[in-house]
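Participant: Before I ask anything, let me first share the structure, which is written out below as structure tokens.
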Amino acid sequence: MVCSFLLLIGLSVSLASSAGAQDYSLTGNDFLRRCDGPFSNEVEKLGYASFCTGYLQGFQQMQHIVVGMRNVQPLYCEPTQSGNYEQLERIVVKWLKNNPEQLHRDARLLVTKALMEAFPCR
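Residue numbers for the sequence shown, in my numbering: 328 to 449.
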């Protein structure tokens with residue numbers, strides 16, 4: 328009950344804060360810059376590290392929610408449910424660096440591609 332309430336509050340705040348905002352989509356360039364630098368100082372590095380971990384946590388948790396609620400096959404099958412986000416970040420950053428022609432595209436799509444290649448479902 329408490330989780331449902333917190334989820335409802337989170338969604339409400341998210342929708343309210345984005346109601347007047349322009350449609351902005353994080354690109355692969357944005358993700359790479361925030362997750363791999365260069366950083367001007369340690370505070371900036373720590374802030375962006377938190378962003379990357381949070382982005383990937385949300386991304387992975389959303390996959391678990393959709394798979395659980397819709398009873399569909401996952402897009403990728405990570406080796407454990409525990410989630411080593413540092414490993415996921417390295418995988419995504421490496422994929423982005425190896426595919427620079429894709430960096431203008433939506434980060435959600437590129438993260439999905441990177442994780443599908445790294446952790447295919449068999």
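Think of the CB as a built atom: it goes at the ideal place given N, C-alpha and C, for glycine as much as any other residue. Computed from a predicted structure; not experimentally measured.
Does Gly337 come out as helix, strand or coil in the three-state DSSP assignment?
Facilitator: Counting from 1 along the sequence shown, the entry for residue 337 is found at position 10. Here the model assigns Gly337 a pLDDT of 47, short of 50, so the residue's position is not dependable and the matter cannot be decided.
Participant: Check the DSSP bridge columns for Thr354 and list the partner residues they point to.
Facilitator: Stepping through the sequence shown from its first residue, residue 354 is reached at position 27. Thr354 is bridged to Asp433.
Participant: Cβ of Thr416 within 9 Å of Cβ of Phe446?
Facilitator: By one-based count along the sequence shown, residue 416 stands at place 89. By one-based count along the sequence shown, residue 446 stands at place 119. Sequence check: residue 416 is Glu here, not Thr. In this structure, Phe446 does not lie closer than 9 Å to Glu416 by Cβ.
Participant: Identify whether Tyr382 lies in helix, strand or coil by the three-state DSSP scheme.
Facilitator: Numbered from 1 along the sequence shown, position 55 holds the residue referred to as residue 382. Helix, per DSSP.
Participant: Let me check understanding here. Comparing Cα to Cα, which of Ala434, Tyr412, Val394 and Asn426 lies closest to Asp357?
Facilitator: As a first step, residue 357 is located in the sequence shown; it is residue number 30 there, counting from the start. When Ala434, Tyr412, Val394 and Asn426 are compared, the shortest CA-CA separation from Asp357 is found for Ala434.
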